[in-house]
Structures are given as C-alpha cells and as structure tokens.
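Q: This is the structure I want to talk about, given as structure tokens.
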Amino acid sequence: MGFFASLGQSIAYNAILTTAQRWFPENVGLAGGLIVAGYGCGAFILSPLQTAFINPLDYRVNSEGFFTQVDLLERVSAIRNSRHSIMLNSKIDS
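With the first letter of the sequence shown counted as 1, position 47 gets the number 53 in my numbering; the numbers rise by one all the way through.
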C-alpha cells in the first residue's frame with residue numbers, strides 16, 4: 007500500500023505544481039516555492055499533533071522495537087477505525 011500511496015502523492019504533487027506554474031507564469035518560482043512549502047508545512051504541523059494525540063506520555067518502544075502499552079495501541083486503533091480511514095481503506099481494497 008505504501009507504494010501506491012507514494013505514487014498517488016507524486017502524481018498529485020506534479021499536477022498541482024504544474025497547474026500553479028501555468029496560472030502564474032510571471033512568478034513560476036514563487037508558485038513552485040509555495041507549493042513545496044505547503045507540503046512541508048503539512049507534515050510540520052500534523053506530525054506533532056498526531057504524536058500528542060497518540061503518544062502523549064512519550065512511551066518508548068521495547069527492546070524489540072514495538073510499542074506494547076495498551077492505551078497507546080487503543081488510540082492507534084481508534085484512528086484506524088475512524089470514518090475517514092474506513093472510507094479510504096474501502097476505496098483502496100476495491
């Protein structure tokens with residue numbers, strides 16, 4: 007699934023970048039820079055939010071590299087079973 011997600015992201019990235027540069031032919035660099043900054047800001051903002059929700063007590067992995075804390079695993083399960091995740095998984099499986 008990771009391969010197809012990356013493929014979809016790269017297709018969307020190229021389409022958005024090309025479209026923005028066509029809309030602003032005098033400012034191609036600015037348009038491209040804002041698109042790239044937008045991708046980076048999304049990860050910059052969402053990563054700490056997800057970490058704060060899933061692992062607020064800063065649990066560490068065990069010696070095998072896995073989380074074993076039940077409350078942490080339940081929060082991951084809650085996110086995976088959310089309505090958006092179910093809709094996304096059903097589209098991928100179809």
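C-beta: ideal position from N, C-alpha, C; glycine also.
CB G38 to CB A49, shorter than 8 Å?
A: No, they are not a contact pair.
Q: Which of helix, strand or coil does DSSP assign to R66?
A: In the structure shown, R66 sits in coil (DSSP, three-state: anything other than H, G, I, E or B).
Q: Just reading off the alpha helix (DSSP H) that E80 is part of, what are its end residues?
A: Element bounds for E80: V76 to R86.
Q: Can you grab the Cα-Cα spacing for the pair F30 / I85, in whole Å?
A: Spanning the two alpha carbons is a distance of roughly 39 Å.
Q: In angstroms, rounded to a whole number, what distance separates the CA positions of G35 and Q56?
A: One C-alpha to the other measures close to 32 Å.
Q: Near L23, what residues of its chain come up, given a Cβ to Cβ distance below 7 Å and the 5 sequence neighbours on each side ignored?
A: Cβ within range, chain order: G38 and I41.
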